[in-house]
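Novice: Residue numbers (the working numbering), protein chains in the order written: chain H, 502 to 611; chain Z, 34 to 148. For glycine and all other residues, C-beta sits at the position ideal for the given N, C-alpha and C. Structure below; questions to follow.
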Amino acid sequence: GQQVMQIPQYQHVQEGEDFTTYCNSSTTLSNIQWYKQRPGGHPVFLIQLVKSGEVKKQKRLTFQFGEAKKNSSLHITATQTTDVGTYFCAGGDSSYKLIFGSGTRLLVRP
Amino acid sequence: EAEVAQSPRYKITEKSQAVAFWCDPISGHATLYWYRQILGQGPELLVQFQDESVVDDSQLPKDRFSAERLKGVDSTLKIQPAELGDSAMYLCASSWGTDLQETQYFGPGTRLLVL
């Protein structure tokens, strides 16, 4: 079945450093969504990308969808302690359901 | 702001016992999802409802799990009998429709521990 792989599993950065997480699918995706889950919390929707090569920005966060619609990335510029949490990508597959990646846990040293 | 409600927030049970979780989606949301999230992993879809009908339950272990949404509003997920491997967070989410491009709103989850 379709798999969505996410790397790295963990990232520990100094506050102010940049952070990037990558998401790769074994098949072409219809869309990709990104979620953030704070420790002890539930996933919260961040953004959705639909078009090939699409790039969207939310303040310090930049999201990209690959040209082949099989990979995506989330980049955070100048991390802050409030960015701590696990970031999940979720790809829409051909059977119309979201497949979540395993997530990247971000830890930020103040 | 409207939210997805879930109860209980925490549940501790012994193996072979029955457990049930409840979810009330955001008002007006026709689609309801139940996910299971094992510690350190992403959510995995168990069952999807469109109104009162099951759209996808291909990943639901039907020998022990059941889900219903009788009136197309709130939903119950049941496990009977519970096994040690069922320990996980059970998340409910809802969206306006079935279009994958719609945002899914997650509830706070029910954390289940099976002893």
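Ends of the beta strand (DSSP E) at Ile59/Z?
Specialist: On the second sequence, position 26 is the one that residue 59/Z refers to. Unbroken run through Ile59/Z: none, as it is neither H nor E.
Novice: Excluding the 5 residues preceding and the 5 following Phe54/Z in the sequence, name in chain order all residues of the same chain whose CB lies nearer than 6 Å to its CB.
Specialist: The residue given as residue 54/Z occupies position 21 in the second sequence. Here the set comprises Leu110, Tyr123, Thr143.
Novice: Which bits of chain H does Leu78/Z rub up against, with CB to CB less than 9 Å?
Specialist: In the second sequence, counting from the first residue as 1, residue 78/Z sits at position 45. Under the 9 Å cutoff, chain H gives Lys598, Leu599, Ile600, Phe601.
Novice: Mind the definition here: the segment 37–52 of chain Z touches the segment 91–105 of chain Z only if three or more C-beta pairs lie below 8 Å; say whether that holds.
Specialist: Taking 8 Å as the limit for Cβ pairs, the verdict is that the segment 91–105 of chain Z does not touch the segment 37–52 of chain Z.
Novice: Might you give, ordered along the chain, the residues of its own chain that have their beta carbon closer than 7 Å to the beta carbon of Glu568/H, omitting 5 neighbours on each side?
Specialist: Here residue 568/H is taken as the residue at index 67 of the first sequence, counted from 1. Closer than 7 Å at Cβ, skipping near neighbours: Ser553, Gly554.
Novice: Using the Cβ count rule (16 or more neighbours within 10 Å means buried), how would you classify Ala126/Z?
Specialist: Mapped onto the second sequence, residue 126/Z falls at position 93. Label assigned to Ala126/Z: buried.
Novice: Going by CA-CA distance only, name the one from Val556/H, Thr582/H, Pro544/H, Asp594/H that's closest to Phe520/H.
Specialist: Counted from its first residue, the first sequence places residue 520/H at position 19. Of the listed residues, the one whose Cα sits closest to Phe520/H is Thr582/H.
Novice: I need the boundaries of the beta strand (DSSP E) containing Gly593/H, first residue and last residue.
Specialist: Here residue 593/H is taken as the residue at index 92 of the first sequence, counted from 1. Per DSSP, Gly593/H belongs to the beta strand (DSSP E) from 586–593.
Novice: Is the separation between the beta-carbon of Pro509/H and that of Thr587/H shorter than 7 Å?
Specialist: Residue numbering aside, residue 509/H sits at position 8 when the first sequence is read from its first letter. Residue numbering aside, residue 587/H sits at position 86 when the first sequence is read from its first letter. Not in contact: Pro509/H and Thr587/H (Cβ atoms no closer than 7 Å).
Novice: Mind checking the segment 576–592 of chain H against chain Z and listing, in chain order, the residues whose C-beta falls within less than 8 Å of any C-beta there?
Specialist: Residues passing the 8 Å Cβ filter: Phe589, Ala591.
Novice: Applying the 10 Å Cβ sphere with the 16-neighbour rule, what's the burial state of Ala35/Z?
Specialist: For this step, residue 35/Z is matched to residue 2 along the second sequence. Exposed: under 16 other Cβ atoms inside 10 Å.
Novice: I want to see whether chain Z comes within less than 7 Å of His513/H, judged by CB atoms only; does it?
Specialist: Sequence index remark: in the first sequence, residue 513/H carries index 12 (1-based). Not an interface residue.
Novice: Counting only beta-carbon atoms, is Glu94/Z nearer than 7 Å to chain H?
Specialist: As a working mapping, residue 94/Z is identified with position 61 in the second sequence. Note that residue 94/Z corresponds to Pro in the displayed sequence, not to Glu. With 7 Å as the cut-off, Pro94/Z does not count as an interface residue toward chain H.
Novice: Grab the span of the beta strand (DSSP E) containing Asn572/H for me, first residue to last.
Specialist: For the purposes of this step, residue 572/H is taken as residue 71 along the first sequence, with counting starting at 1. Asn572/H -> beta strand (DSSP E) spans 572–577.
Novice: Would you mind working out which of Thr522/H, Lys571/H, Val545/H, Lys560/H sits nearest Val551/H, comparing C-alpha positions?
Specialist: In the first sequence, the residue the question calls residue 551/H occupies position 50. Selected option, being the one with the closest Cα: Lys571/H.
Novice: Got a sec? Which residues, its chain only, sit under 8 Å from Val88/Z by beta carbon, not counting five neighbours each side?
Specialist: Residue numbering aside, residue 88/Z sits at position 55 when the second sequence is read from its first letter. The residues are Thr64, Gln81, Phe82, Thr131.
Novice: Figure out for me which residue from Met506/H, His513/H, Asn532/H has the closest Cα to the Cα of Asp594/H.
Specialist: Taking the first sequence and counting its residues from 1, the one referred to as residue 594/H is at position 93. When only C-alpha atoms are compared, the closest one is Asn532/H.
Novice: According to DSSP, is Asp519/H part of a helix, a strand, or is it coil?
Specialist: Mapped onto the first sequence, residue 519/H falls at position 18. If DSSP states are grouped into helix, strand and coil, Asp519/H belongs with coil.
Novice: Under 9 Å between beta-carbons, which chain H residues line up against Thr136/Z? List them in chain order, please.
Specialist: Looking up residue 136/Z in the second sequence gives position 103. Under the 9 Å cutoff, chain H gives Gln534, Phe546, Gln549.
Novice: At the 7 Å Cβ level, is Gln83/Z part of the contact set with chain H, yes or no?
Specialist: The count along the second sequence starts at 1 and reaches residue 83/Z at position 50. It does not: the Cβ of Gln83/Z has no partner Cβ on chain H nearer than 7 Å.
Novice: Identify the contact partners of Gly604/H in chain Z, using a Cβ-Cβ distance below 7 Å as the criterion.
Specialist: One-based indexing of the first sequence puts residue 604/H at position 103. Correct list: Gly75.
Novice: Following a CB-centred definition, is Val147/Z positioned closer than 6 Å to any heavy atom of the ligand SAM?
Specialist: This structure lacks the ligand SAM; in fact it carries no ligand of any kind.
Novice: Kindly list, in the order they appear in chain H, the residues whose Cβ is closer than 8 Å to that of Leu124/Z.
Specialist: By one-based count along the second sequence, residue 124/Z stands at place 91. Ordered by position in chain H, the residues that pass the 8 Å Cβ test against Leu124/Z are His543, Pro544.
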